[in-house]
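Notes follow the structure.
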Amino acid sequence: MSNPDDADLLTPVAEERYLGSLLFTASRTGLRDEALSALAPEDFADRGIGALWSLARQLAEERRRISARALREAAASNARGFVPGVLDRKIAQLEAVLEAPRHVESDVRTVWDCARRRRLVAVCDSIRQRAVAGDPGDAIRHAYDALAELEQGETSRPVRFDEMLDGLWHAIDNPEARPVYPTPWAELNRKLNGGLRGGRYYVVGARPGDGKSIMLHNLAFHHAQQGGSALVFSAEMGNIEVAGRMAASGARVELNELVTGDLAPHSRRTLVEWSEQHQQIPLVVDDRERITMGYIRSQCRRHKAVHGLDLVAIDYLQLVSSIESRTPRHEQVARISRECKLLARELDIVVVVASQLNREVARRGGSRPTMADLRESGGIEADADAVLLLARGQVDDGVGTTMPTDELHVYLDKNRQGATGQFTLRWEAYHGRLGN
Ligand SMILES: Nc1ncnc2c1ncn2[C@@H]1O[C@H](COP(=O)(O)OP(=O)(O)OP(=O)(O)O)[C@@H](O)[C@H]1O
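When we follow UniProt numbering, the leftmost residue of the sequence shown carries the number 1, and every step to the right adds one.
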């Protein structure tokens, strides 16, 4: 703020005039209350005025009259403590620049605009500092994060009921404005009222080996095949392995042939043809092993800005590292889950996340998994818009043990926008796919 070019951002005159006219002359309390809720103490460049502002808010909340005397009394009883002489001078200063309350609205705008500019300048300064002194990759990620956070603060505000109704009617009359992305599975589409939607967070939970990755790969591939842009974070599996599974699934070639490289001539031909047809689909796999939500967020933002993005798949939640190494793991997982939800809302994209289940579920033997089994956090269940739990079908082999069948039971145990229920898919892991 020492740069002379920044002088306009300080706007002490507008601030003083604004607070003075608002506090001491505004007879219309509605106008005053609206202004008190529109600006926060930190929106003022002069910290003394910001402190007086928070006192005025306190008086308004207590339904007391705002006056110089009431402010002095409130300051005297405030735990933070105000220096009386300094406060008196500040109040006198405000009274000296008193103006008619008709300026209030334009002054609110001036103070608010300047506060936004100051925030933007502070963010630019921090980006510059990192660009000059830090790792360039980190600086770029920081820039994305910091600007997105700023933008989020700009756009999110409480919405009045009439505005909400306008939004609702707009959504009803323009269904194409909120696209639905069908999954490969008819029954799931029916239960989800057509398919997956932007802004929502879906969790797929299963025991190890029960098809979480297959489901995520099938979803992402299907989405990209329909022309939608998909980004898969595969901390568990390298990108060649993911490509192999997608190719086996799409071309209906045995996964074993791809894994061993021992392709029958017919399979090779099918695969060549399939590869030519699909090489341009908008699907990207990031197989970095150590990922954090910060990394995922910045990759998603960048991807969305450069290529567009509407579906992100994360395989799997418990492999996302936390930077808060001292907090208990269940709190870390709850936080990561919360951030997945925020990511979906902030970028208005589908976020699908695989999650491991607790060991308890294995000890219970054949019983089906429940949401309580989602490993390490009940937060996952609370945050998710929909929770799908997968379990291989089992039959008694006649000698006291069970054998897996070619069925995969899918339990939609949470569905924020529709009914819950259950359905069955065909287990075709040899092709890396789940069939209808
Ligand atoms: N070539 C293959 N042929 C037949 N089945 C296979 C083949 N490759 C993998 N599978 C089966 O696919 C399943 C793995 O599915 P998937 O990777 O989706 O499970 P997951 O739930 O993601 O497991 P994890 O929790 O270990 O990540 C296993 O049951 C495995 O036996």
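Note that CB positions come from ideal geometry on N, CA and C, so glycine has one too.
Fair warning: this is a prediction, and the values are worked out from it, not measured in the lab.
- Short note on A429: C-beta closer than 7 Å to some heavy atom of ligand 1.
- With respect to K304, L347 sits close: the two C-beta atoms are nearer than 8 Å.
- In this structure G432 touches R245 by the C-beta definition: roughly 4 Å separates them, less than 8 Å.
- Between the stretch 132-142 and the stretch 272-289, the count of Cβ pairs shorter than 8 Å is below three; the stretches do not touch.
- Taking 7 Å as the cut-off, one finds no heavy atom of ligand 1 near enough to the beta carbon of E360.
- For ligand 1, a non-hydrogen atom lies closer than 7 Å to the CB of I214.
- The Cβ-Cβ distance between C300 and L309 falls below 8 Å.
- Contact annotation, S337 with G294: C-beta distance approximately 15 Å; criterion of less than 8 Å not satisfied.
- Under the 10 Å beta carbon count, E62 is surrounded by fewer than 16 other beta carbons and is classified as exposed.
- Around the beta carbon of L165, fewer than 16 other beta carbons sit within 10 angstroms, so the residue counts as exposed.
- If the five residues before and after A139 are omitted, its C-beta is found closer than 7 Å to the C-beta atoms of I127, R130 and A131, all from its own chain and listed in chain order.
- DSSP, reduced to helix, strand and coil, places V284 within a strand of the structure shown.
- At a threshold of 7 Å, E163 does not count as near ligand 1, since its beta carbon sits no closer than that to any of the ligand's heavy atoms.
- Closest option to N415, judged by alpha-carbon separation, among K191, S77, G20 and R89: K191.
- Cβ-Cβ distances below 7 Å link R252 to H431 in the same chain, with the five nearest sequence neighbours on each side left out; the list follows chain order.
- Membership of R65 in any beta strand (DSSP E) is not indicated, and neither H nor E is assigned to it by DSSP.
- Excluding the 5 residues flanking it on each side, V232 has same chain C-beta neighbours closer than 6 Å at A220, V285 and A313, in chain order.
- At least one heavy atom of ligand 1 sits closer than 7 Å to the Cβ of L255.
- By the criterion of a C-beta distance shorter than 7 Å, L36 is surrounded in its chain by A56, R57 and A60, once the five residues flanking it on both sides are discounted.
- Distance from A235 to D315 at the Cβ level is roughly 7 Å; contact confirmed, criterion being Cβ atoms closer than 8 Å.
- With distances taken between CA atoms, S367 lies nearest to R392 out of N256, A14, E187 and R392.
- L19 places its beta carbon less than 8 Å from that of I49.
- Taking the CA atoms as reference points, R200 sits about 53 Å from A96.
- Less than 8 Å separates the beta-carbon of M215 from that of L434.
- Distance from the CA of G195 to the CA of R207, rounded to the nearest whole angstrom, comes to 24 Å.
- Nearest to S229 by C-alpha distance, out of R326, Y181, N256 and D113, is Y181.
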